[in-house]
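Visitor:
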Amino acid sequence: MIVLYILLALLVFGAMIFFHELGHFTFAKIFKVAINEFSLGMGPKVISKKGKDGVTYSLRLFPIGGYVSMAGEDEESDDPNAYDKKPAYQRFIIVVAGATMNILIAIVIVFLLTLTTSKFGTTIVAELEESSNLENSLMVGDEIVKVGKTSVSTIDELSYEIMYNGYEPLDITVIRNDEKIVLKDVQFPTFDQDGETFGKMNFKVKGEGRSFTTVIKNTFHTSLSTIRMIWDSLFGLLTGRFGINQVSGPIGVTGAMVEVVQYGPRQFFYMVAVISMNLGVFNLLPIPALDGGTLLFTGIEMIFKKRLPQKVEHYIKFIGLVLLLALVVFVSIKDVITLIL
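Each residue of the sequence shown is one higher than the last, beginning at 9 in the numbering used here.
1) Could you tell me whether the stretch 160 to 171 touches the stretch 222 to 240, using the rule of 3 or more Cβ pairs below 8 Å?
2) At 3 residues or longer, what runs of the beta strand (DSSP E) sit wholly inside the stretch 12 to 94?
3) Which residue wins for smallest C-alpha separation from Thr181, given the options Val223, Asn210, Thr131?
4) Who pairs with Gln275 in a beta bridge, going by DSSP?
5) Note down, in chain order, each residue of its chain lying with its Cβ closer than 6 Å to the Cβ of Thr230, except the 5 sequence neighbours on either side.
6) Here's a check: name, in chain order, each residue in its chain whose Cβ is nearer than 8 Å to the Cβ of Met193, leaving out the five neighbours to either side.
7) Using the Cα positions of Val289 and Ile111, report the straight-line distance between them to the nearest angstrom.
8) Compare the C-alpha of Phe326 against each of Val339, Gly203, Asp82 and name the closest.
9) Relative to the C-alpha of Leu19, which candidate in Val104, Leu292, Val266, Gly129 has its C-alpha closest?
10) What is the C-beta distance between Ser241 and Ile113, in whole angstroms, given that I count them as a contact (C-beta under 8 Å)?
11) As an exercise, report each continuous beta strand (DSSP E) stretch of at least 3 residues that is fully enclosed by the stretch 292 to 331, in chain order.
12) Could you give the residue range of the alpha helix (DSSP H) that holds Leu112?
13) Counting along the chain, where does the beta strand (DSSP E) carrying Lys225 start and finish?
14) In terms of residues, what are the limits of the beta strand (DSSP E) holding Leu146?
15) Check for me: the beta strand (DSSP E) holding Asp200 runs from which residue to which?
16) First and last residue of the beta strand (DSSP E) that includes Asp186?
17) Three-state secondary structure (DSSP) at Gly288?
18) Tell me whether Leu293 counts as near the ligand HEM, meaning its Cβ is closer than 6 Å to at least one heavy atom of that ligand.
19) Does chain D have any CB closer than 7 Å to the CB of Lys319?
20) Specify, as a first and last residue, the run of the beta strand (DSSP E) that Gly165 falls within.
21) What first and last residue would you give for the beta strand (DSSP E) that runs through Glu204?
22) How should Ala334 be labelled, buried or exposed, when 16 other C-beta atoms within 10 angstroms of its C-beta is the threshold for buried?
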């Protein structure tokens, strides 16, 4: 059974890579860029066929990535339809389309999960744990509208903000009897996980039924909360709140998916949405080896009307790629050791 779960995880990764590259490919086609190859996977070719459009479609051995190879992308080309001959705004759209596709796929999954939910949590306090009334100054009927400086509209946003920031006292803004009140230095219970401390909700909230409005609202805010979670995790790594042990590569993520799938399809598909969103957001980071690095160079070109010399751009991307691969290898070794132990 574990083997089937691993194959399922690999299939999910393959689908994410496919849609990512399809984003690049679609807009390259729209802008009539000369495309050499559309490949899923890396390494030696397993299957390869040249289409009527002149593009070689390949399936390669290692399911760790993919690419759309365009004329003039990494080398000089005399083709008038080469990538480097296209206007900067078209190149920008082609590059950003991959990550955008991953983010859109994640939002669609969240929408479908939301659509099949019959009841949603609000931010209105329905029940307090014993003694919570005195400790938190919260009252049944309070509608929580802000946690710290962040506005919250759904249970997903509320629980996440308390979890992420509730390890220390927080100001909570509520609406009580039609009056907005700020409760100062509210202390929530905490719990430790993997050496990090997080806050925990010590109250229950009221629910609301499914309607067009609640489905759209919860889809939007759950997607937004997921993006915020990803950015917070990256920021936490940069500031030292989270250690390298919190980072997982493909092996660690596959292991997590194997565990989650056993809890049911809803948990599994939400994790797929999180991973797809993560892939999209991570790819937009201004790191030379990622799409975000190319977007940075292209954005500078659009502003200053002058392109960085192609050789310089390639050297910067190569250095970024080497550093990124080194990080992937390091994290993968850590993931293997964690799984073994």
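Glycine included, each C-beta is placed from N, C-alpha and C at the ideal position.
Computed from a predicted model, the values in this text were never measured in an experiment.
Guide: In this structure, then:
1) yes
2) 43 to 58, 64 to 78
3) Thr131
4) Per DSSP, none; premise fails for Gln275.
5) Val118, Asp164
6) Looking at the sequence provided, one finds Asp at residue 193 rather than Met. Here the set comprises Pro177, Leu178, Asp179.
7) 7 Å
8) Asp82
9) Val266
10) With 8 Å as the limit, Ser241 and Ile113 do not qualify as a contact, their Cβ atoms being about 20 Å apart.
11) none
12) 96 to 123
13) No beta strand (DSSP E) contains Lys225, which is instead part of the alpha helix (DSSP H) from 220 to 247.
14) Careful: Leu146 lies outside any beta strand (DSSP E) and carries neither H nor E.
15) 198 to 201
16) Here Asp186 belongs to no beta strand (DSSP E), and DSSP marks it neither H nor E.
17) helix
18) Ligands in the displayed structure: none, and consequently the ligand HEM is not present.
19) In the displayed structure, chain D is absent; only one protein chain is listed.
20) The residue asked about is misnamed: residue 165 is Glu in this sequence, not Gly. From DSSP, Glu165 is part of no beta strand (DSSP E) but of the alpha helix (DSSP H) over 163 to 173.
21) 204 to 207
22) exposed
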